[in-house]
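Have a look at the structure below before the remarks.
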Amino acid sequence: MLDDTKGADAPLVVGIGGTIGGVSSTERALRIALAETAAQGYRTRLFGGADMARLPLYDPRATSRTEEEQAFVAAVRQASAIIIASPGYHGSISGVVKNALDLLEETARDSRPYLADMPVGLIATAYGWQATGSTIAALRSIVHALRGWPTPFAAAINTQVTRFDDEGGASDPAVVEQLRLIGRQVARFAPLGQAAPAA
Ligand SMILES: Cc1cc2nc3c(=O)[nH]c(=O)nc-3n(C[C@H](O)[C@H](O)[C@H](O)COP(=O)(O)O)c2cc1C
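Just so we're aligned, residue 5 is where the sequence shown starts under the working numbering, counting upward by one.
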């Protein structure tokens with residue numbers, strides 16, 4: 005999903021996250037945070053569960069990349085900020101989200117490698133509290149490894165108690181406000197996240 009209502013010159017915030025196989029509360033949470041960055045004047049692009057499902061398992065030695073892989077890497081190269089949303093699967097991030105992040109190895113030799121210099125907002129959902137914390141911790145470690153700057157606030161969402169709706173809302177207004185806060189924190193520091201020159 006590309007929100008181009010801001011015009012091609014507006015800086016880009018890329019959302020990566022969700023789950024596959026149907027309605028995803030993780031992706032819905034990510035959409036709320038992304039909508040807030042759009043309200044702050046940014047273009048947004050979402051790579052949700054269906055997009056990530058089209059990425060092959062990352063092969064670092066592959067000699068060519070699929071169209072979907074190229075589009076994902078190109079969007080991250082153009083981005084000024086990132087928001088990542090993962091479900092807690094067995095206490096950590098899901099394989100689908102991790103596979104997408106592994107693909108960022110393709111940017112290792114860029115002038116701005118990986119997520120360097122970019123603010124990165126983080127969201128974790130889980131069916132209980134325990135995995136929300138460990139999944140946020142895993143995401144922070146990954147973002148540090150990728151040289152990004154996790155924003156101070158990360159949203160930990162217990163989907164046992166919070167329900168997301170079709171209208172872009174959630175049963176708990178505090179959760180919506182937390183997701184918007186991530187959007188605002190990302191938007192505030194996105195001007196420092198220079199997009200990499202075209203490779
Ligand atoms: C393979 C798998 C592993 C999961 N592991 C955990 C877990 O360790 N702890 C937990 O609280 N929830 C776990 N869950 C539940 C999901 O984290 C939770 O339902 C999440 O909100 C799903 O997001 P979605 O609505 O975007 O699919 C697991 C779900 C699946 C499918």
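For every residue, glycine included, the Cβ atom is placed at its ideal position computed from N, Cα and C. Because the structure is a prediction, the values reported are computed rather than measured.
Contact check, residue i vs residue j, beta carbons under 8 angstroms
{"i": "LYS10", "j": "GLY53", "result": "no"}
{"i": "ILE87", "j": "THR129", "result": "no"}
{"i": "PRO156", "j": "SER84", "result": "no"}
{"i": "PRO117", "j": "VAL190", "result": "no"}
{"i": "ILE97", "j": "ALA142", "result": "yes"}
{"i": "VAL165", "j": "GLY173", "result": "no"}
{"i": "GLY92", "j": "THR139", "result": "yes"}
{"i": "LEU183", "j": "ALA33", "result": "yes"}
{"i": "ILE20", "j": "VAL77", "result": "no"}
{"i": "THR111", "j": "VAL80", "result": "yes"}
{"i": "TYR62", "j": "ASP106", "result": "yes"}
{"i": "LEU126", "j": "PRO154", "result": "yes"}
{"i": "THR163", "j": "SER28", "result": "no"}
Near ligand 1: residue i beta-carbon under 7 angstroms from a heavy atom
{"i": "GLN134", "result": "yes"}
{"i": "THR30", "result": "yes"}
{"i": "ALA130", "result": "yes"}
{"i": "GLY52", "result": "no"}
{"i": "GLY92", "result": "yes"}
{"i": "GLY22", "result": "yes"}
{"i": "THR166", "result": "no"}
{"i": "GLY95", "result": "yes"}
{"i": "THR163", "result": "yes"}
Through-space distance from residue j to residue i, alpha-carbon basis
{"i": "ASN103", "j": "LEU59", "result": "8 angstroms"}
{"i": "ALA3", "j": "GLY22", "result": "Residue 3 falls outside the range modelled here, since the chain spans only 5 to 203, and no answer is possible."}
{"i": "ARG188", "j": "LEU108", "result": "25 angstroms"}
{"i": "ALA43", "j": "MET56", "result": "25 angstroms"}
{"i": "TYR131", "j": "ALA66", "result": "36 angstroms"}
{"i": "GLN74", "j": "GLY99", "result": "20 angstroms"}
{"i": "ALA194", "j": "ASP169", "result": "28 angstroms"}
{"i": "GLU31", "j": "GLY95", "result": "18 angstroms"}
{"i": "PHE51", "j": "VAL18", "result": "8 angstroms"}
{"i": "ALA178", "j": "GLY137", "result": "18 angstroms"}
{"i": "ASP176", "j": "ASP13", "result": "35 angstroms"}
{"i": "TRP133", "j": "ILE24", "result": "22 angstroms"}
{"i": "SER192", "j": "ARG151", "result": "Just to set this straight, residue 192 is Arg in the shown sequence, not Ser. Near 18 angstroms, if we compare the C-alpha coordinates of ARG151 and ARG192."}
{"i": "GLN82", "j": "GLN198", "result": "8 angstroms"}
{"i": "GLY26", "j": "SER90", "result": "15 angstroms"}
Below-8 angstroms beta-carbon distance, residue i vs any chain C residue
{"i": "VAL179", "result": "In the displayed structure, chain C is absent; only one protein chain is listed."}
Query raised in the report: Residue ranges of each alpha helix (DSSP H) run of no fewer than 4 residues wholly in the stretch 42-86, ordered along the chain?
Result: 53-57, 71-82
Query raised in the report: Which full runs of the beta strand (DSSP E) of 3+ residues lie inside the stretch 87-172, going along the chain?
Result: 123-130, 153-162
Requested in this report: Check whether the stretch 68-86 touches the stretch 26-37, taking contact to mean three or more Cβ pairs, one atom from each stretch, closer than 8 angstroms.
Outcome: no
Query raised in the report: Is there contact here, the stretch 9-26 with the stretch 138-158, by at least three beta-carbon pairs under 8 angstroms?
Result: no
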